[in-house]
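The structure under discussion appears below in the form of structure tokens.
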Amino acid sequence: MSENVIHHTRVAAGYKATLSNPRTSEAAKQHARNELKELERYNTDTLKDEHNNRVLGGFKATLSNPNTSGAAKAHAVEILQSAGVEVEHGDSNEGGDNINHVLGGYKATLHNPHTSKEAKERARDVLQSSGAL
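Numbers 40 to 172, taken from the numbering used here, label the letters of the sequence shown in order.
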């Protein structure tokens, strides 16, 4: 957990103590309730952001891992680009030429008469996002 989240957790503990203290005025307790609601909203958003950043970092690591398959790298490129992360063309090609095979499979999907419309749309999206179409 980041220091910021830990700080807010400790502040929240203080407000909770205020709520359980019988010597605290009703105005102070109401203020503590309001602040706890704000902190709860902040902590939820912050934790989601931290989690998303770690997930995207994992996808970026996939691109530079030489033991990762081309399909996994193509998927990582797709996820990163959909999240608005710029991916250099060289990043997805590191570690092997399997990405070319994966893109070739997507191209074949476009020409296969037995492939569903949804699969063709997805293949077209992947090819366009990777610059292969």
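Don't be surprised by glycine CBs; every beta carbon is placed ideally from N, CA and C. For clarity, every value in this text was computed on a predicted model and none was experimentally measured.
Roughly how many whole angstroms lie between the Cα atoms of Arg161 and Arg80? Approximately 36 Å, taken between the alpha carbons.
Quick one: Cα of Thr153 to Cα of Arg163, how far? Checking the sequence shown, residue 153 turns out to be His, not Thr. Answer to the nearest angstrom: the Cα atoms are 16 Å apart.
Could you tell me the alpha carbon to alpha carbon distance between Lys156 and Ala115, rounded to whole angstroms? One Cα belongs to Lys156, the other to Ala115, and the distance between them is close to 23 Å.
Looking only at its own chain, which residues have a Cβ that is under 7 Å from the Cβ of Tyr145, when we skip the five neighbours before and after it? Ala162, Val165, Leu166
Neighbourhood of Ala67 by C-beta distance below 8 Å, restricted to the same chain and skipping five residues each side: Thr57
What whole-angstrom Cβ distance do Lys99 and Leu119 have, given they're in contact under 8 Å? The distance from the Cβ of Lys99 to that of Leu119 is about 7 Å, consistent with a contact at the 8 Å cut-off.
Output the distance between the C-alpha atoms of Asn137 and Val94, rounded to the nearest integer angstrom. 23 Å
In this structure, how does DSSP classify Gly170 when only helix, strand and coil are distinguished? coil
Could you pull out every residue in the same chain whose Cβ sits closer than 7 Å to the Cβ of Ala51, ignoring the five residues on either side in sequence? Leu75, Leu78
N- and C-terminal bounds of the alpha helix (DSSP H) containing Gly109: 109-121
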